[in-house]
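Okay, so here's the structure we're looking at.
Residue numbers (the working numbering): 28 to 137.
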């Protein structure tokens, strides 16, 4: 209940204040969002499997975002940022869809 309330308050604050993303951080925002979605769906899957641990979730969430952003940053410095961004999105997308499939199987017992 507290998590849902925190999410609602965060959304409302974001809509009210409309924060700007600094220009230098714009290439990393989509990667960070996809990485955080991977952690969220992984956490939901773990919760439904009965193995959720809040400390593991927080570490997974932060490390996913930091590692994904670091890979894209490194790619930008090497001149292959677009290719590494695509690679990160593909890998995280596969993980997200895998977690969603497991969640679906759990919910619908299929």
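Don't be surprised by glycine CBs; every beta carbon is placed ideally from N, CA and C.
- Per the Cβ contact rule, the region 60-70 is in contact with the region 89-98 (3 or more Cβ pairs under 8 Å).
- Annotation for residue 78: no alpha helix (DSSP H) segment contains it, and DSSP assigns it neither H nor E.
- Here the alpha carbon of residue 135 sits roughly 43 Å from the alpha carbon of residue 51.
- For residue 45, no alpha helix (DSSP H) encloses it, and the DSSP letter there is neither H nor E.
- Residue 117 is not a Cβ neighbour of residue 58, given a cutoff of 7 Å.
- Counting along the chain, residue 133 sits inside the alpha helix (DSSP H) bounded by residues 108-135.
- With a beta-carbon spacing of about 22 Å, residue 87 and residue 102 fall beyond the 8 Å limit used to define contacts.
- In terms of Cα proximity to residue 97, the closest of 54, 42, 39, 44 is 54.
- Between the beta-carbon of residue 75 and that of residue 38 there is about 24 Å, and that puts the pair past the 8 Å contact cut.
- A distance below 8 Å between beta-carbons, with the five flanking residues on each side excluded, links residue 79 to the following residues of its chain, in chain order: 70, 73.
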